[in-house]
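Asks: Residue numbers (the working numbering), protein chains in the order written: chain A, 1 to 229; chain B, 1001 to 1218; chain C, 2001 to 2224.
Cβ coordinates follow ideal geometry from the N, Cα and C atoms, glycine included.
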Amino acid sequence: MKPLSLAFILFTLALLGFSTYQALFVAPTEQTMGDVQRIFYYHVPSAWVAFVCFFVNFVASIAYVLKRSANADALAAASAEVGVVFCTIVLITGPIWARPVWGIWWTWDARLTTTLVLWLIYVSYLILRRFAAGSQTQLLAAVLGIFGFVDVPIVYMSIRWFRTQHPSPVMGGGENSGLDPAMAHAFLWNLLAFTCVGIILIVARYRLQRMENELETEHARLALAGGSR
Amino acid sequence: MVKFFGRFAALRGVSAEFAPSKLYVITGDNGAGKSTLLRVISGLAQPSQGSIRLLGAKTAHEVAHRIGYMGHAPLLYDELDGMENLRYFAGLYGLHDDSISRDAMRRVGLEPELERRVGQYSQGMRQRLSLARAVLHNPELILLDEPFSNVDMHSAHDMATILGTVRDQAKTIFVVTHQSALMEEVADEFVHMSAGKIESREPVRARPVAATATGGDE
Amino acid sequence: MSTAIVTRSTLLKDLRMEWRSKDAINSMLFFSLLVVVIFSFAFNPTAEESRLIAGGLIWVAFLFAAVVALNQTWARELRNQVLDAYRVSPAPANALFLAKALGNFLFVVVLEVLMAPLFVVFYQLRSVGPVWQLVVIALLGTWALVVNGTFFAALSIRTRSREIMLPLILFPISIPALLAMVDATTSILTGDSSPDFWMKMLLVYDVVFTAVCLMLFESVLNAE
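#1: Taking residue 190(A) as the reference, which of 99(A), 38(A), 85(A), 118(A) has the closest Cα?
#2: What residues match up with residue 1201(B) in a beta bridge as DSSP calls it?
#3: Answer with yes or no whether the minimum CB distance from residue 2196(C) to chain A is below 8 Å.
#4: Can you tell me where the beta strand (DSSP E) with residue 1068(B) in it begins and where it stops?
#5: Taking only three categories from DSSP, how would you classify residue 72(A)?
#6: Give the straight-line distance between the Cα atoms of residue 2109(C) and residue 2139(C), rounded to the nearest whole angstrom.
#7: Closer than 8 Å, Cβ to Cβ, to anything on chain A: give me those residues from the stretch 2161–2178 of chain C, in chain order.
#8: Could you check whether residue 2145(C) and residue 2066(C) sit closer than 8 Å to each other, using their CB atoms as the reference points?
#9: Give the DSSP-derived three-state secondary structure of residue 86(A) in the structure shown.
#10: Name the DSSP bridge partner or partners of residue 1144(B)?
#11: For residue 175(A) and residue 2126(C), I'd like the C-alpha separation in whole angstroms.
#12: With the cut-off set at 8 Å, would you say residue 90(A) and residue 46(A) are in Cβ contact?
#13: Could you check the C-alpha separation between residue 1152(B) and residue 1124(B) for me, to the nearest Å?
#14: Rounded C-beta distance between residue 1070(B) and residue 1020(B)? I'm assuming under 8 Å.
#15: Give me the subset of the stretch 182–215 of chain A whose CB atoms are less than 9 Å from a CB atom of chain B, sorted by chain position.
#16: How would you write the range of the alpha helix (DSSP H) that residue 1121(B) sits in, first residue to last?
#17: Alpha carbon to alpha carbon, how far is residue 2216(C) from residue 182(A)?
#18: Thinking just about the alpha-carbon of each residue, which of 1103(B), 1119(B), 1053(B), 1110(B) is nearest to the one in residue 1075(B)?
#19: Verify whether the separation of the beta carbon atoms of residue 2102(C) and residue 2011(C) is less than 8 Å.
#20: In chain A, which residues lie with their C-beta within 9 Å of the C-beta of residue 1012(B)?
#21: Please name the residue, chosen from 2188(C), 2201(C), 2193(C), 2213(C), that lies closest to residue 2054(C) on a Cα-to-Cα basis.
#22: Identify, in the order they occur along the chain, each residue of the same chain with its Cβ nearer than 6 Å to the Cβ of residue 2077(C), setting aside the five sequence neighbours on each side.
#23: When burial is assigned at 16 or more other CB atoms within 10 Å of the CB, is residue 2160(C) buried or exposed?
#24: Considering Cα atoms alone, identify which of 2074(C), 2079(C), 2208(C), 2116(C) is closest to residue 2096(C).
#25: Go ahead and label residue 1143(B) buried or exposed: buried means 16 or more other beta carbons lie within 10 angstroms of its beta carbon, across all protein chains shown.
#26: By Cβ distance, which residues of its chain are closer than 7 Å to residue 1202(B), with the 5 residues on each side in sequence left out?
#27: Closer than 8 Å, Cβ to Cβ, to anything on chain C: give me those residues from the stretch 1074–1100 of chain B, in chain order.
#28: Would you say residue 161(A) faces chain D, with C-beta separation under 8 Å as the test?
#29: Can you look up residue 202(A) in the DSSP assignment and give me helix, strand or coil?
#30: Helix, strand or coil for residue 1081(B)? Go by DSSP, reduced to three states.
#31: Residues in the same chain with beta-carbon distance under 6 Å from residue 121(A), minus the five sequence neighbours each way, listed in chain order, please.
#32: If you measure from the beta carbon of residue 1024(B) to each beta carbon in chain C, is any gap under 8 Å?
#33: Exposed or buried, which one is residue 1171(B) when buried takes at least 16 other CB atoms within 10 Å?
#34: Taking its Cβ as the centre, do 16 or more other Cβ atoms sit within 10 Å of residue 2039(C), making it buried, or is it exposed?
#35: Can at least three beta-carbon pairs, one atom from the stretch 1079–1092 of chain B and one from the stretch 1105–1122 of chain B, be found at a separation below 8 Å?
#36: Between residue 2093(C) and chain A, is any beta-carbon pair separated by less than 8 Å?
Structural data, given as structure tokens:
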């Protein structure tokens, strides 16, 4: 492993340790919700990272459709997987937070529902990648990646409108609730830490995918030379 | 050029030039890459590596109206009758005159008035209609994959003769077949493939050619 | 070979073939009838309640039935590998897409026309809001489902387990359209609110995704 990568990983681990300390010990306890509110420091950064991952997937998918570059496809695969992981974290931490605070496991508010739909879309992307036969898996997946991301703002707008028509409890205090400055600190550290973790995961997965691609190329070279089937 | 299906190399380094107005017969065992070669030439498959030039263009799609392809499968709609099939495909090439389809059917020995659905045709009839579909638009380059499969000897001989006549009209024809004997009378060159490569090419000794059409474009 | 001419001839060919075999329409009809009956057992509403849930039920039934049609129309092109004949011709890829999408659209609309009276009878529906709005929603919503459905059906014919792949990738993407259709239908039936926003949203959805489909279809068709 290159020294720079190792350094970055160690840095991220340290950062994560620091931000966890901030979240669990330093940040003030929330007035109404108590300690359980600290999940917020994991819940929201995860959502942010997931969204960025899906955006990366969108760009990589477009790049693949235009240039058919194997690297673009590898990046698309990596970012979708990591995005789904973080999205899953959001969907799990959400109910864990909601239950003690609001008494319900789930609510169909705009943000949570959009996250769920996002999760569904990209899980279907991963399933397509696994089940598509033939050499054109990458192209089909790239197409789906484009569709999925284009759909996201539409999903969000639809559900928001639906919720203004049929209001229901909103978790996390609504769209525009402010953040106490003391909490903002911990929040930003965690945001940074999670983003770094996301980057590491994507790069690792990307490298893995590229190695798989290289393996395929080697197999192909052997098949050409030796007539193996 | 090279063509992969997953890890299977269907074509391994095929590099060749084919002259126009000749009838090439491609032979070889199953899995030798014959069908794949035809599909790559027709534009249905893209080479994994390498490139093609045909009829002065870089992709088959640019010159699609000058290419005719007959696949291993019938490439016909079972639920429609002969004329309905041909009429539809003629429309894809911008040909809206029914007489073209009728002539094509007659040339392969089928009756245009037959209203039987293609699904109920015999294999020989189906192959003949498939051939008609492939040459409907008078293409310069004709690619035929196993045109004689499951066809009775009589029909097969008829088809081979028709192919010879078509070649004499300054068309380039590629025929993939296991039954090279049928083609001995009309072939210009036998191309033998094995394991994804062209192993050998044998030009047939020059035949006395009767009245070649000069120019020959119709 | 202009796109319009090829679209028309392909659409007519498909309609003729469907008329002879009636594969798609029969299976769709029977399937949605089944769904309606089963729903009647599962939800036993009073007349008031029925107006609230009918919007959702109708569209779920049509969605499932539409998936049946979507798979069928491409399956037809795989028999005898006849799709190759189209691909090798100079005909434009988008013409094929439009023809298939329009064909599917027609089938599903016919289904809706046939099934709507059944729903009205089973759930004792009366519309409080104007019926023309229901028609607009139905048309916009059906196109939303069908345009993506046709596209993804073409995508999924090359996958293993293709029958399950189609709903799997289609449903998540279609969620906003489904939401719009259900809520708009409910709001028209109950007269509680205006479906204007939903109609505009469906229009946006239709335009955006029709454009995306047309841009990407040629790559999908020639994937092998």
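Replies: A quick look at the data gives this:
#1: 38(A)
#2: 1191(B)
#3: no
#4: 1067–1070
#5: helix
#6: 8 Å
#7: Taking 8 Å as the Cβ-Cβ cut-off against chain A, the residues of the stretch 2161–2178 of chain C that qualify are 2161, 2165, 2168, 2169, 2171, 2172, 2173, 2175, 2176.
#8: yes
#9: helix
#10: Per DSSP, the beta bridge partners of residue 1144(B) are 1070(B), 1175(B).
#11: In this prediction, residue 175(A) scores a pLDDT of 42, lower than 50, which makes its location untrustworthy; the coordinate-derived value is nonetheless stated afterwards. Distance between the alpha carbons of residue 175(A) and residue 2126(C): 38 Å.
#12: yes
#13: 7 Å
#14: Contact doesn't hold; Cβ gap of about 19 Å is too wide.
#15: none
#16: Taken as a continuous stretch (DSSP letters only), residue 1121(B) belongs to no alpha helix (DSSP H), as it is neither H nor E.
#17: Approximately 49 Å, taken between the alpha carbons.
#18: Per the Cα distances, 1119(B).
#19: yes
#20: 223, 224, 225, 227
#21: 2188(C)
#22: 2083
#23: exposed
#24: Distances from the CA of residue 2096(C) to each of 2074(C), 2079(C), 2208(C), 2116(C) were compared; the closest alpha carbon is that of 2074(C).
#25: buried
#26: 1189, 1190
#27: Under the 8 Å Cβ criterion, the stretch 1074–1100 of chain B contributes 1074, 1075, 1076, 1077, 1078, 1079, 1080, 1084, 1088, 1089, 1091, 1092, 1093, 1094.
#28: Here the protein chains are A, B and C, and chain D is not one of them.
#29: helix
#30: strand
#31: 148
#32: no
#33: Under the 10 Å beta carbon count, residue 1171(B) is surrounded by 16 or more other beta carbons and is classified as buried.
#34: Label assigned to residue 2039(C): buried.
#35: yes
#36: no
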